[in-house]
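Structure first, commentary second.
There are 2 protein chains.
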Amino acid sequence: MAKRKNALGERISEAEHAVMEVLWDKNPISAAEVCDQVCAQRDWSIPTVKTLLSRLVQKEVVGTEPDGRKFLYRPLIARSDYVGGESRRLVDRLFGGRAAPLFAQLAESEALTEDDLAEIEALLREMRK
Amino acid sequence: MAKRKNALGERISEAEHAVMEVLWDKNPISAAEVCDQVCAQRDWSIPTVKTLLSRLVQKEVVGTEPDGRKFLYRPLIARSDYVGGESRRLVDRLFGGRAAPLFAQLAESEALTEDDLAEIEALLREMRK
DNA sequence: TCGTTTCGGCTACAGACGTAATCGAAGAAT
DNA sequence: ATTCTTCGATTACGTCTGTAGCCGAAACGA
């Protein structure tokens, strides 16, 4: 199995991703503050959040800075990088690297709203320059 | 953790997906034939393929039919269903369910070729009716 | 009929993941 | 100073995933 290293090489699991979203939204923050944002929805307890945070630190996608006796966490990778990587992975794996079939798929499964269509058209026009 | 059931409820792992691709390409086929198609690329041995196949059978996404003393396998779910589900999951998880941001992301990370753009434009025009 | 080959089925096992309890040090309160 | 409280760090553990070995039954060849 492919086993890559460094920023974005180490895969971020789904649970870890939930933590990343919180950090991207606001940072640096403490473990307790992260918990305030996710423990409710995901039904987690603080230890769980701390474990996820330390795994993210290990993977070098989250950094820490001491704040008195506690730690504050902040993401070391940009959300757009992560999102871009995941998107490309999906396109590669399921659509042979071509984005058009993905688009067709979303269209077919009615995952495209009228707004989406309009927005995409706008983007297309803009790219045409 | 959410634990869904039935066709497409049970998650298909990446390795399992590789096997599904072979089955979607041609079926019904035997375990050995599946191996012929993937063991080379993924550097697997037959036991591995058999394990993956039986897990897929357990998950009820692959069916078997006896062929003399051996078994032939065939997918029980359509590729488009799987692909559609995965696509929607990604869009939900990373883009709040909106497809437009995904499109923008792909555009920004230069994952869109000229051909893709043309194709998507064509699709858009067609949908406009 | 007896060994040999061929399968599928069960077993294995390490690493990742989800989820959490416990431990130990450093501060805070008294 | 002694205890109480907070944190991060360490440890735990069941499940899932990747990868594969072993076993027993069936089929085949002799």
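Line by line, the protein sequences are chains Z and P.
According to our numbering, the first sequence is numbered sequentially starting from 11.
According to our numbering, the second sequence is numbered sequentially starting from 11.
Ideal placement from N, C-alpha and C gives every residue a C-beta, glycine not left out.
By the Cβ rule, the region 61-72 of chain P does not count as touching the region 102-117 of chain P, because fewer than three pairs are nearer than 8 Å. Taking a Cβ-Cβ threshold of 8 Å, none of the residues of chain P is close to residue 64 (chain Z); the smallest such distance is about 20 Å.
When Cβ-Cβ separations below 8 Å define contact, residue 137 (chain Z) makes contact with chain P. Boundaries of the alpha helix (DSSP H) harbouring residue 89 (chain Z): 89-105, taken from the DSSP string. When P:67, P:60, P:25 are compared, the shortest CA-CA separation from residue 52 (chain P) is found for P:25. Membership of residue 72 (chain Z) in the beta strand (DSSP E) is indicated by the continuous run 72-77.
The C-beta separation of residue 134 (chain P) from residue 97 (chain Z) comes to about 20 Å, leaving the pair out of contact by the 8 Å criterion.
Identification of chain P residues near residue 94 (chain Z) by a Cβ-Cβ cut-off of 9 Å yields 115, 116, 118, 119, 121, ordered along the chain.
The criterion of a C-beta distance shorter than 8 Å is satisfied by residue 110 (chain Z) and residue 130 (chain P). Using beta-carbon distances, residue 109 (chain P) counts as an interface residue toward chain Z, with a partner under 8 Å. Apart from sequence neighbours up to five positions away, the residues of its chain that approach residue 122 (chain P) with a beta-carbon distance below 6 Å are 116, ordered along the chain. Under the three-state reduction of DSSP, residue 60 (chain P) is assigned to helix. Residue 85 (chain P) carries a strand assignment under DSSP once its states are collapsed to helix, strand and coil.
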